[in-house]
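Trainee:
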Amino acid sequence: MANREIVDEDVRLLAGIASTLSVEYAAEDLAWAGSPFGWIKTRPSRQVGTIGEKLLAGYLAAKDFDVVKCPDSDADRIVSGVRAEIKFSTLWREGFYMFQQLRDQNYAVAICLGLSPFDAHCWAIPKPVIMAGIGKVEGLAPQHGGARGRDTAWLQVNPLAIPAWLGPYGGSLRRATEVLRGMVGRGGGRAR
97 MANREIVDED VRLLAGIAST LSVEYAAEDL AWAGSPFGWI KTRPSRQVGT
147 IGEKLLAGYL AAKDFDVVKC PDSDADRIVS GVRAEIKFST LWREGFYMFQ
197 QLRDQNYAVA ICLGLSPFDA HCWAIPKPVI MAGIGKVEGL APQHGGARGR
247 DTAWLQVNPL AIPAWLGPYG GSLRRATEVL RGMVGRGGGR AR
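Residue numbers 97 to 288, in this note's numbering, belong to the letters of the sequence shown in order.
Okay, structure coming up:
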């Protein structure tokens, strides 16, 4: 389609406002320019979590873990016999990852994978650590108010300032993989 001029005065006004707003979003687009993960940012939000699950499952399989889809909705994958909930976030414009909907369900470990344009961070956090820490440790807060507030949380992590309590559970892909290998090696975590 050839370059067309907007004739309608109201549409021109709206286009001018859109051009002004686009500057706010251009910086984020530039941060991901050339990134091997940049295409993920173009997908609808309902697909992003699934992409994260598949990405992590592929990575773990490549690291010699046995990874299968969980037969129920309380966990996303079974990793070498251990029920795992997978949480995924790309780096937010403000410089943090936000892992959402950490619930009190039947899994042993939450594996949180965060992608930056040219880096990745990962944590393998035992479910009891998450449930005990909601509202008590840095970055782990109730996601909802009221009675539901204590069984659902979100975890906010700035990869440049990782809270001390989170350190033992990873940070890098390699370290999270070592932590997870220790969990599956003990054979623990098969059920609630």
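From the three backbone atoms N, C-alpha and C, an ideal C-beta is built for every residue, glycine too.
#1: Return the chain-ordered list of same chain residues with a C-beta closer than 8 Å to the C-beta of T116, the five sequence neighbours on each side being excluded.
#2: Using 8 Å as the cut-off, can you tell me whether the region 246 to 257 makes contact with the region 185 to 199, which would need three or more C-beta pairs spanning the two stretches below that distance?
#3: For I221 and K150, what's the separation of their Cα atoms in angstroms?
#4: Could you give the residue range of the alpha helix (DSSP H) that holds I147?
#5: DSSP three-state call for P222: helix, strand or coil?
#6: Quick check: the Cα distance between R277 and H240, rounded to an integer number of angstroms?
#7: Leaving out five residues on either side along the sequence, give the residues of the same chain with a beta carbon under 6 Å from the beta carbon of Q201.
#8: If you drop the 5 nearest sequence neighbours on each side, which residues of the same chain put their C-beta closer than 6 Å to that of T248?
#9: DSSP state of Y203, grouped into three classes?
#10: Based on DSSP bridge pairs, tell me the residues matched to G266.
#11: Give the secondary structure of I113 by DSSP, where H, G and I count as helix, E and B as strand, and everything else as coil.
#12: Let me know the secondary structure DSSP gives W250 once reduced to three states.
#13: Comparing alpha-carbon positions, which option in D160, L262 and W128 lies nearest G281?
#14: Check this for me: beta carbons of R179 and A153, under 8 Å apart or not?
#15: Which of the three DSSP states, helix, strand or coil, is assigned to A272?
Mentor: With the given structure in hand:
#1: Counting only residues of its own chain and dropping the five nearest sequence neighbours on each side, T116 has no CB closer than 8 Å to any other CB.
#2: The answer is yes - the region 185 to 199 touches the region 246 to 257, with three or more Cβ pairs under 8 Å.
#3: Spanning the two alpha carbons is a distance of roughly 19 Å.
#4: Annotation: the continuous alpha helix (DSSP H) that includes I147 extends over S141 to A158.
#5: Under the three-state reduction of DSSP, P222 is assigned to strand.
#6: Each residue's Cα considered, the two are about 32 Å apart.
#7: The beta carbon of Q201 is closer than 6 Å to those of D170 in its chain, skipping five residues each way along the sequence.
#8: For T248, where only same-chain residues beyond five positions count, the Cβ hits under 6 Å are R199, Q239 and H240.
#9: If DSSP states are grouped into helix, strand and coil, Y203 belongs with coil.
#10: Paired residues: W219.
#11: Reduced to three states, the DSSP call for I113 is helix.
#12: Strand, per DSSP.
#13: Distances from the alpha-carbon of G281 to those of D160, L262 and W128 put D160 closest.
#14: Not closer than 8 Å, so no.
#15: A272 falls in the helix class under three-state DSSP.
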